[in-house]
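In what follows, a structure is listed as structure tokens, so that the remarks can point back to it.
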Amino acid sequence: TPTATRTPAATCQDMIWQLAGILGVHPGSFTLRELYEMAQSRQKQDWQHTSNLMALLANLLTFNRSHTFKAADFDPFAQSQTSSVIPLNTEDAMALLKRTFVSSRKETQ
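So, in structure tokens, the structure goes:
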């Protein structure tokens, strides 16, 4: 691949120009980190706008009026409302801690 033979500096320079192209600015006075953050914000704002239009169209064209679409349904940057934390009761937590630390302590003595 072409990027495999390029130096990290050249690849970084390409990324700077790509991000500047997304933003429509000259990269001269910006760092890579600044350009990246600005491009992320630009993409989030663009998706907020697009997802609002998609939700509007979906709600206008749907036959099922019991379900309404929200902009977050179409926005890949929207925070999901589901938690990734697994609920664990106190007894299970203590048993897990004992299995992890108490048995290994006995083996080292």
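Residues in the sequence shown are numbered from 1 upward in steps of one, following the working numbering. All residues carry an ideal CB built from backbone N, CA and C; glycine is no exception.
Span separating the alpha-carbon of residue i from that of residue j
{"i": "Asp14", "j": "Gly21", "result": "11 Å"}
{"i": "Pro8", "j": "Arg33", "result": "16 Å"}
{"i": "Arg6", "j": "Gln45", "result": "33 Å"}
{"i": "Leu61", "j": "Thr50", "result": "16 Å"}
Whether residue i touches residue j by CB criterion (7 Å)
{"i": "Ala58", "j": "Phe69", "result": "yes"}
{"i": "Ala72", "j": "Asn52", "result": "no"}
{"i": "Trp47", "j": "Asp75", "result": "yes"}
Counted within 10 angstroms of its Cβ, other Cβ atoms place residue i as buried (16 or more) or exposed
{"i": "Leu97", "result": "exposed"}
{"i": "Asp19", "result": "One point to set straight first is that residue 19 is Leu, not Asp, in the sequence displayed. The residue in question, Leu19, is buried, as its Cβ has 16 or more Cβ neighbours within 10 Å."}
{"i": "Leu56", "result": "exposed"}
Report the residue ranges of all alpha helix (DSSP H) runs contained in full by the segment 12 to 97; include only those spanning at least 4 residues, in chain order.
32 to 61, 90 to 97
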